[in-house]
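One structure is given below, encoded as structure tokens.
Numbering (full-length UniProt numbering), first residue to last: 1 to 129.
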């Protein structure tokens, strides 16, 4: 129900024009907390509380911090095994579709998934262009 009211509110307020969707520019769009941050920032822009330039700076800082924390703090291991169904390489992005995948978390917990999609692209540090 919250989604419907959010859509109605966005329909009434003119959207800020963008050239490229944010999710193409920001790695944070691919994680749930990053997507939530982007939704909140979109609302703030549409309501006129912040400028789009500030929003891009916020998201850039968020991505930088997330990358640093993941590189330094996360020590868990995950292994997976499955059957490769399809793979693609388009616009410098690899896409792998796997079937019947088993995940092992830290060697003890096992999870199973019927389908898994992996998308991989070249990583750039936040200060690189």
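Ideal Cβ positions, reconstructed from N, Cα and C, are used throughout, including at glycine.
- The straight-line gap separating the alpha-carbon atoms of residue 59 and residue 101 is approximately 33 Å.
- For residue 121, the closest alpha carbon among the candidates 90, 50, 34 is that of 90.
- When C-alpha distances from residue 34 are compared across 49, 50, 67, the shortest belongs to 67.
- CA-CA distance, residue 45 to residue 82, rounds to 43 Å.
- Residue burial is scored here from C-beta neighbours: residue 41 has at least 16 other C-beta atoms within 10 angstroms and is therefore classed as buried.
- The alpha carbon of residue 96 has as its nearest neighbour, out of 76, 38, 123, 115, the alpha carbon of 115.
- Note: residue 88 is bridge-paired with 95 in the DSSP secondary-structure output.
- Considering only 37, 56, 78, 64, the residue with the shortest C-alpha distance to residue 108 is 78.
- In the displayed model, residue 106 falls within coil according to three-state DSSP, outside both helix and strand.
- Annotation for residue 93: 121 place their beta carbon closer than 6 Å to its own, counting only its chain and skipping 5 residues before and after.
- With fewer than 16 other Cβ atoms inside 10 Å of its own Cβ, residue 123 counts as exposed.
- Only buried fits residue 98, as 16 or more other CB atoms lie within 10 angstroms of its CB.
- Using a 10 angstroms sphere on the CB of residue 55, the tally of other CB atoms reaches 16 or more, which defines it as buried.
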